[in-house]
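S.K.: According to the working numbering, the stretch in the sequence shown is residues 701 to 1198, in order.
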Amino acid sequence: MQTLRNLEVWFVTGSQHLYGPDTLKQVEVNSKQIAQAFNLSSAMPCQVIYKPILTTPDQITTLCAQANNSPQCIGLITWMHTFSPAKMWIAGLSLLQKPFAHLHTQFNRDIPWDNIDMDFMNLNQAAHGGREFGFMCTRLRKNRKIIVGHWQQDDLHQRLAAWMRAAAGYNEIRHLNVCRFGDNMRQVAVTEGDKVQAQIQFGLSVNGYGVGDLAAAINDVTDAQTEALLAQYKDQYQLKDTHNAIDAIRQAARIEAGMKAFLQHIGSKAFTTTFEDLHGLVQLPGLAVQRLMAQGYGFGAEGDWKTAALVRAMKVMAAGLKGGTSFMEAYTYQLDPDLPRVLGAHMLEVCPSIAQNKPSLEVHPLGIGGKADPVRVVFNVAPGPALNATLIDMGNRFRMVVNPVDVVKPDADLPKLPVARAVWIPRPGLQLAVAAWILAGGAHHTGFSTSLTPEHLEDFAEMAGIEYLCIDEQTTLAQFKQNIRTNEVYYMLANAMK
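1) Which same chain residues end up closer than 6 Å to GLY829 when comparing Cβ atoms and leaving out the 5 residues on each side of it in sequence?
2) Starting from the C-beta of HIS1156, find all residues in its chain whose C-beta is less than 7 Å away, skip the five residues before and the five after it, and write them out in chain order.
3) Might you give, ordered along the chain, the residues of its own chain that have their beta carbon closer than 6 Å to the beta carbon of VAL921, omitting 5 neighbours on each side?
4) How many Å lie between GLY1069 and LEU981 at the Cα?
5) Per DSSP, which residues does TRP1124 bridge with? Please list them.
6) So which of PRO1083, LEU1061 and PRO745 has the shortest CA-CA distance to ALA952?
7) Can you look up ARG839 in the DSSP assignment and give me helix, strand or coil?
8) For ILE946, count neighbouring C-beta atoms within 10 Å of its own C-beta (all shown protein chains included) and say buried if the count is 16 or more, exposed if not.
9) Secondary structure at PHE975, three-state DSSP: helix, strand or coil?
10) Are the beta-carbon atoms of LEU984 and PHE971 separated by less than 7 Å?
11) Could you check whether the stretch 892–903 touches the stretch 1040–1054, counting it as contact only if at least three pairs of C-beta atoms, one from each stretch, sit closer than 8 Å?
12) What does the alpha-carbon distance come out to for the pair ALA1072 and VAL1011?
13) Could you pull out every residue in the same chain whose Cβ sits closer than 6 Å to the Cβ of GLY1142, ignoring the five residues on either side in sequence?
14) Please state the DSSP three-state secondary structure of ALA1072.
15) With H, G and I counted as helix, E and B as strand and the rest as coil, what does DSSP make of GLN887?
16) From which residue to which residue does the beta strand (DSSP E) around ARG705 run?
17) Indicate whether the contact test is met: 3 or more Cβ pairs, each with one atom in the stretch 987–1005 and one in the stretch 1123–1142, closer than 8 Å.
18) Starting from CYS764, trace the alpha helix (DSSP H) both ways and give me its first and last residue.
19) If you measure between the beta carbons of MET1163 and PRO771, is that distance less than 7 Å?
20) Determine the extent of the beta strand (DSSP E) in which PRO1085 is found, giving its start and end residues.
21) Taking the continuous beta strand (DSSP E) assigned at VAL848, which residues delimit it?
22) Along the beta strand (DSSP E) that carries LEU803, what are the first and last residues, could you check?
23) Using the beta-carbon count (16 or more within 10 Å), is LEU1039 buried or exposed?
24) Rounding to the nearest angstrom, what Cα-Cα distance links GLY1000 and PHE881 in this structure?
Set out below in C-alpha cells:
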C-alpha cells in the first residue's frame, strides 16, 4: 500500500494590511512555525505546505485556483491569525473544489495577563477572525471541518490527521476507475445504483469488462510469473494439505497474475467479480482477490461497485495505520440473549490485512459457481475495535451508514468453515444496531476496517456531500428514525434548490 507522504495539504493563513508590515511579518513567522510543527508531528500522514499570507481578494482567488489545478494538493488548512474581512474570500471559496479544514487556533496558548496590550490584541485575533471567516463559509454553504484548540495539542493533531486521511480517500475516489468483471448478481437490489450520478457526485467512473478478456490475460501469464507467486505463497502462508492440490494453487497464481496485469493495463484500483459470470476461468478468483486487496485494491463481490470504490477509498485513508481494511459481509447471527454477535465472512474474498495470525492457504469445494475447487487463505480477525461502513444509492442521494463494532474471538475453531471470518458485537448492541442498519437501508456488503474510526468516514462523507448516519453508543431507535425522516426532507429541498 502506498504512503500518503507524497500528498500535500496547503497551510493557508488569512490576514489584512490594516495592522501594518510589522504585524504581517510576525503573522508570517508564526504561521511558518505552526506549519513546520504539523510536518514534524508523527500523527500527520501528508506533507503540510506553507503558503504565503493572504491579504487581498486576488491573492485568495489565485491560491484557490492553484489548489484546484494541483494534482498533489488534496486540501487546505485555513487559519485566520488576525481579522481577515471575509468578503475577500467570496470569489476564492466559490471556485474552490478541494476540501478544507477551518483551523480555529491561536499562536499563544495562554493570555499574558500582566502585559497584554492592544498590539498583542491586534496580532492575536483568531477568536475574532475565525468567526468572520466562519460566517462566510456558512453563508456560501461550504462543507468543511472545524477544528478548535491549540495547535500544539496532541488531540488537535489527531483530529487534523483524521481529516487529512479523509481528504486522501476523497482525492482517490474522485479519480477512481472501478473495473467490473461481469454484471451484478441477478435480481439483487442493493448492489445496483446510478453510475452516472456516482460519477457526478464522487468523480469515480464505473466500467464493465468481459470476463473473457480477463481469461485471455490469465492465459498470457508465464510459468516464471506463476512460480514467483508460488514462492510468495510458501513464504507468507501456512500450507495446509496442499501437496495434492498444487495444480489448483498454480491456477490461482495464474489468475492473480493475469488479473493484476489486466487492472494495471486499464489503470483501475478497484474491481468487482460475480460467481454468475466465470466464463473462461477454471475457478472462482478467491486467493487473487484476497491478495490484490492486501496490496491496496478495492473489491466488491457480485458486481457491487459502490463497495469496491468505498473499500479502495478506505484503504487509502488507512495507509500506514495499524490494522487493515477489507470487503466484508454479515452472514449469520449468534442470538444468545447474553452475548448476541454477528459472524462476518464471504465465500472467499476477505482481505488478509485484517488477519490475526499467519493465514492458512487451503483448497476446498465451494458448492457455488460450478467451477473447480478454489484456493483461499483462511484466518480469524483479531479481537479489538473495528467498524463496518456501507455506501448505498437512495435515488435522490447517496447515503453512508457506519457502525463501530467490537471484534471478539469465535467460540470454536470453525473447522468446517474454511474461509476468512470475523465475529463482532455491534455497538450499542446487536438488536438496536441491526434494526437501525436495516431501517437505514444498509447493505449486506461493507467496507470493514480495524484501522479507521467513524471520524474518518464522517469527514469523507462531508467532503463528498453525501448523507452520513452513524450507529453507535449514542443511538436510540426513536431518534435514528427521526434523523432519517428529517434527512429525507432536507435532501428533497436541497436537490430542488440546485
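Backbone N, C-alpha and C define an ideal beta-carbon position, used for all residues, glycine too.
Given the structure is predicted, the values throughout are model-derived calculations rather than measurements.
M.R.: Short version:
1) Numbered from its first residue, the sequence shown carries residue 829 at position 129. MET780, THR782, PHE783 and SER784, listed in sequence order.
2) Taking the first residue of the sequence shown as 1, we reach residue 1156 at position 456. Once the five neighbours on either side are set aside, the close Cβ partners of HIS1156 are ALA862, ARG865, ALA866 and MET1017.
3) Within the sequence shown, the letter at position 221 stands for residue 921. Only ARG954, ALA957 and GLY958 meet the Cβ criterion.
4) Stepping through the sequence shown from its first residue, residue 1069 is reached at position 369. Stepping through the sequence shown from its first residue, residue 981 is reached at position 281. Distance between the alpha carbons of GLY1069 and LEU981 is about 11 Å.
5) As a first step, residue 1124 must be located in the sequence shown, where it is residue number 424. According to DSSP, which records beta bridges pairwise, TRP1124 is partnered with VAL1042 and VAL1107.
6) As a position in the sequence shown, residue 952 is number 252, starting the count at 1. It is LEU1061.
7) As a working note, residue 839 is residue 139 in the sequence shown. ARG839 falls in the helix class under three-state DSSP.
8) Reading the sequence shown from its first residue, position 246 is the one you call residue 946. Per the 10 Å Cβ criterion, exposed.
9) For the purposes of this step, residue 975 is taken as residue 275 along the sequence shown, with counting starting at 1. Coil, per DSSP.
10) The count along the sequence shown starts at 1 and reaches residue 984 at position 284. The count along the sequence shown starts at 1 and reaches residue 971 at position 271. Not closer than 7 Å, so no.
11) Short answer: they don't touch.
12) If you number the sequence shown from 1, residue 1072 lands on position 372. If you number the sequence shown from 1, residue 1011 lands on position 311. Roughly 28 Å between the two C-alpha positions.
13) Walking along the sequence shown from the start, residue 1142 turns up at place 442. For GLY1142, where only same-chain residues beyond five positions count, the Cβ hits under 6 Å are THR1090 and VAL1101.
14) The residue labelled residue 1072 in the question sits at position 372 within the sequence shown. DSSP places ALA1072 in strand when its eight states are reduced to three.
15) For the purposes of this step, residue 887 is identified with residue 187 of the sequence shown, where counting begins at 1. Residue state, collapsed to three classes: coil.
16) Residue numbering aside, residue 705 sits at position 5 when the sequence shown is read from its first letter. Segment: none, ARG705 is in no beta strand (DSSP E) and carries neither H nor E.
17) no
18) Residue mapping note: residue 764 aligns to position 64 of the sequence shown, counting from 1. Counting along the chain, the alpha helix (DSSP H) containing CYS764 begins and ends at 757–769.
19) Translated into positions along the sequence shown, residue 1163 becomes position 463. Translated into positions along the sequence shown, residue 771 becomes position 71. Not in contact: MET1163 and PRO771 (Cβ atoms no closer than 7 Å).
20) Within the sequence shown, residue 1085 is the residue found at index 385, counting from 1. Residues 1084–1093.
21) The residue labelled residue 848 in the question sits at position 148 within the sequence shown. Note, VAL848: beta strand (DSSP E), 845–848.
22) As a position in the sequence shown, residue 803 is number 103, starting the count at 1. From DSSP, the beta strand (DSSP E) with LEU803 extends over 800–804.
23) Here residue 1039 is taken as the residue at index 339 of the sequence shown, counted from 1. By the 10 Å Cβ count, LEU1039 comes out exposed.
24) Taking the first residue of the sequence shown as 1, we reach residue 1000 at position 300. Taking the first residue of the sequence shown as 1, we reach residue 881 at position 181. Looking at the two C-alpha atoms, the distance is approximately 11 Å.
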